[in-house]
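Student: Have a look at the structure that comes next, please.
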């Protein structure tokens, strides 16, 4: 019997080359996948870039509002744009709806840039940069997308350059090399979308949000002056009656009206403002006709109680934070006129219906209310004391 001898066959050269190719292909696929994933993880998406730009626009907007609130002459005044890409601002007043660069240096900010590395552009309505009064009735002309909302200022991030937008050399201040469509026209009308190539990203400061912020400053400063007056004289001055010129003259028996300007003109027994004087810009900007002032009967000069402990003689305030029945005096800023209420011009005010939106705040009783700021009411109430 012949013994079988087992033979071990070695792999053919063709099989070896095939295995090597498969191994090489696997390595290439793994490497390509790694590179793609790495690139995806490090390349921001369009949404990421838009979010980054939105954050920069928000920082610029907050700085502008902060600047407006600090003005010593015209609270609400905004800086003029930067015309030469230096970060500084054109001297005020700047007229016309001219869109230039955002004055980051003027505002003490770092060199803010959008996600493409470009500096921001900025347009401000002349109503907030000129020499005219700024108050609740100030109406700018700037609009976005043809809406009815009016804007005090608009910030624009230009994004990366599009086809035909050469930005080098002397083109750095050429608005048409950075902005598109209606945004490059130097008029009062701006858009967030347009046909054709478009990558502008906008953020506006509405008239209402700026004015309402300014009103809070006005209320705070007037309340401070009235508290100083009360501290010096043991009583609050009577309000000025409405509908009888000249404005700002107090009526000695009136408990609700506008803030008195010249106290001693008629109420000779009452001290004038003295060291409690109102801010110099208060009358010049027409705020004396935009702020409603109410004092409890027990807290004016005619009372012998001098804001004593008689709760029946106090004002009541109903608010989401809680109701009070111990208020000595209060102020209300009427806010910008609301279209649905058919309110007339307030300069000078002749009817509290033209200033106050809430019926509770103008029904001549001792109870007032704090409501959310919306399209039906934008009254802002501040308790003066206690």
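Residue numbers (the numbering used here): 38 to 423.
Where a beta carbon is used, it is the ideal one built from N, C-alpha and C, also for glycine.
Note that the structure is a prediction, hence the values are computed from the model and not measured.
Assuming residue 363 is part of the beta strand (DSSP E), what are its boundary residues?
Tutor: Boundaries of the beta strand (DSSP E) around residue 363: 361–364.
Student: Pairing CB atoms from the stretch 83–102 with CB atoms from the stretch 147–161, are three or more of them under 8 angstroms?
Tutor: yes
Student: Between which two residues does the beta strand (DSSP E) holding residue 158 run?
Tutor: 158–161
Student: May I ask which residues mark the beginning and end of the alpha helix (DSSP H) holding residue 115?
Tutor: Neither: residue 115 is in no alpha helix (DSSP H) and is coded neither H nor E.
Student: By Cβ distance, which residues of its chain are closer than 6 angstroms to residue 159, with the 5 residues on each side in sequence left out?
Tutor: 118, 139 and 192
Student: With respect to the alpha helix (DSSP H) encompassing residue 386, which residues constitute its N-terminal and C-terminal limits?
Tutor: Segment: none, residue 386 is in no alpha helix (DSSP H) and carries neither H nor E.
Student: At the level of alpha carbons, what is the spacing between residue 180 and residue 225?
Tutor: 6 angstroms
Student: Is the Cβ-Cβ distance between residue 410 and residue 329 less than 8 angstroms?
Tutor: no
Student: Grab me the residues of residue 263's own chain with a C-beta within less than 7 angstroms of its C-beta, minus the 5 sequence neighbours each way, in chain order.
Tutor: 273, 366 and 421
Student: Just to confirm, is the Cβ distance from residue 351 to residue 337 under 8 angstroms?
Tutor: For residue 351 and residue 337, no; Cβs fall outside 8 angstroms.
Student: Nearest-angstrom Cα distance between residue 277 and residue 110?
Tutor: 24 angstroms
Student: Taking its Cβ as the centre, do 16 or more other Cβ atoms sit within 10 Å of residue 107, making it buried, or is it exposed?
Tutor: exposed
Student: According to DSSP, is residue 212 part of a helix, a strand, or is it coil?
Tutor: helix
Student: Pick helix, strand or coil for residue 134, following the three-state DSSP scheme.
Tutor: coil
Student: Helix, strand or coil, according to DSSP, for residue 127 in the structure here?
Tutor: In this structure, residue 127 counts as coil in the three-state DSSP scheme.
Student: The alpha helix (DSSP H) that contains residue 329, what's its start and end?
Tutor: Counting along the chain, residue 329 falls outside any alpha helix (DSSP H), though it belongs to the beta strand (DSSP E) covering 328–332.
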